[in-house]
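A.B. asks: Start counting the sequence shown at 6; every next residue gets the next number (the working numbering).
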Amino acid sequence: MITKERPRFRPQSLLLQAALLFFALVTFACRSPHRPTLTLSVAASLQDAITEIEAAYQRDHPVEFRNNFGASGTLAREIEQGAPVDAFISAGPKPMDQLQAEGMLRENSRGDLLRNSLVLIAPTGSSLNGFEGLIGKQ
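Have a look at this one:
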């Protein structure tokens, strides 16, 4: 795929809606007269997206977020060792599978919110036509 400029990252509408619904469910589960605080352990690669989603959500909801960003495997080990977390958003299934196998996830609480795609961007006029061109002579 050849493009002239790289568009600024924006969460897709469906992603934003799913994340807001998720946070709403967690928020309503934390009913309290004061402003609730949610502690999230989030894969570092998702930091920009989560920060943007939280800002949009906070415009209409009185909630604070305490974020712990890091490698998904490291975050899973912290949870295993007792780190207090309201939600874990992993970049891959393996750390989540591990926590689920150990019975550390609330029943029926797991859901796939995000996915990544690898794209190839080349300058206009490039002879590169796909990923295969990266390993051969050009």
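Every residue gets a Cβ at the ideal spot worked out from N, C-alpha and C, and that includes glycine.
Only a predicted model underlies this, so the values are computations on that prediction, with no experimental measurement involved.
1. Rounded C-beta distance between L51 and A96? I'm assuming under 8 Å.
2. In whole angstroms, what separates the C-alpha of L123 from that of L139?
3. To the nearest angstrom, report how far apart A127 and N134 are at their CA atoms.
4. Pull up the distance between the alpha-carbon of L43 and that of L125, whole angstroms please.
5. Report the residue ranges of all alpha helix (DSSP H) runs contained in full by the region 31 to 100; include only those spanning at least 4 residues, in chain order.
C.D. replies: Once the coordinates are examined:
1. Within the sequence shown, the letter at position 46 stands for residue 51. Within the sequence shown, the letter at position 91 stands for residue 96. Contact flag correct, Cβ pair sits at about 7 Å.
2. For the purposes of this step, residue 123 is identified with residue 118 of the sequence shown, where counting begins at 1. For the purposes of this step, residue 139 is identified with residue 134 of the sequence shown, where counting begins at 1. Cα to Cα, the separation comes out at about 14 Å.
3. What you label residue 127 is simply residue 122 of the sequence shown in a count that begins at 1. What you label residue 134 is simply residue 129 of the sequence shown in a count that begins at 1. Rounded to the nearest angstrom, the two C-alpha atoms are 9 Å apart.
4. Position 38 of the sequence shown holds residue 43. Position 120 of the sequence shown holds residue 125. About 37 Å.
5. 52 to 63, 77 to 85
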